[in-house]
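Engineer:
In the numbering used here, the protein residues as written are 1046 to 1268.
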């Protein structure tokens, strides 16, 4: 990975050593600047416990830890899991690391933790070829489609929860919104939803500013 690419992805993350990644980890990373922006925008901080799926090599995880959140993170790939652990050692303080639990498992194979009041879903987008799709109608975490995950999370919950989906721009988020609304109504939750587009990037040589290829859909369920 070039220095310029790494600098863009890691931004001002306080990395004290070598950041490790493979090809999949690199193209699935949320640039740290955007990760910090979205978590601050939706109010994630030291009072929150976050369940993170598909952590990759740990960029979002490091941001969450540095914001003071308690993080339970899952990464099923063994190689990227080792990179995740190594990267967190060089990008977070020991005190922050004590607030983080990482597991080399697929989250669907364990359970949806009732301890977490924020669930962050960064599921596979289908590889680099996702950019060629005009519309993406379905995305999965294990055997669960994104809308079904909301049903699984809400099934036995009595307390509030915020579900944050990281999405490609082509994903049909309105269908996801409809599924989340029906899931929440079925469990008697009050529901708020928001579709969030990131701010444009820095000015390029041609004078234009590009909006990054990331969107977020946030569904907040409260009693």
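Here a beta-carbon is modelled for each residue, glycine too, at the ideal position from N, C-alpha and C.
1) For residue 1203, which residues from the same chain have a beta carbon less than 8 Å from its beta carbon, with the 5 sequence-adjacent residues on both sides left out?
2) Should the segment 1223-1234 be called in touch with the segment 1194-1212, which here means at least 3 C-beta pairs below 8 Å?
3) Give the list of continuous alpha helix (DSSP H) stretches no shorter than 4 residues that lie fully inside the segment 1182-1259.
4) Can you check DSSP and say which residues form a bridge with residue 1061?
5) Is it true that the segment 1099-1108 meets the segment 1127-1138, where meeting means three or more beta-carbon pairs spaced less than 8 Å apart?
6) Do you know whose CA, among 1080, 1061 and 1146, lies nearest residue 1210's CA?
7) Leaving out five residues before and five after residue 1246 in sequence, what residues of the same chain have Cβ atoms less than 7 Å from its Cβ?
8) Does the segment 1082-1096 come close enough to the segment 1063-1072 that 3 or more CB-CB pairs lie under 8 Å?
9) Taking all protein chains shown into account, decide if residue 1108 is buried (16 or more other Cβ within 10 angstroms of its Cβ) or exposed.
Structural biologist: Walking through what the data contain:
1) Within the same chain, 1268 come within 8 Å of residue 1203 by CB-CB distance, once the 5 residues on both sides are set aside.
2) The answer is yes - the segment 1194-1212 touches the segment 1223-1234, with three or more Cβ pairs under 8 Å.
3) Considered as a whole, the segment 1182-1259 harbours 1191-1199 and 1218-1231 as its complete alpha helix (DSSP H) runs of no fewer than 4 residues, in chain order.
4) BP columns for residue 1061 are empty, so no partner.
5) Three or more pairs of CB atoms, one per stretch, sit closer than 8 Å, so the segment 1099-1108 contacts the segment 1127-1138.
6) For residue 1210, the nearest C-alpha among the options comes from 1080.
7) Cβ neighbours of residue 1246 beyond the five flanking positions: 1254, 1255 and 1257.
8) As far as the Cβ criterion goes, the segment 1063-1072 does not touch the segment 1082-1096, which means the pair count is below three.
9) Burial state of residue 1108 is buried, judged by a 10 Å Cβ sphere holding 16 or more other Cβ atoms.
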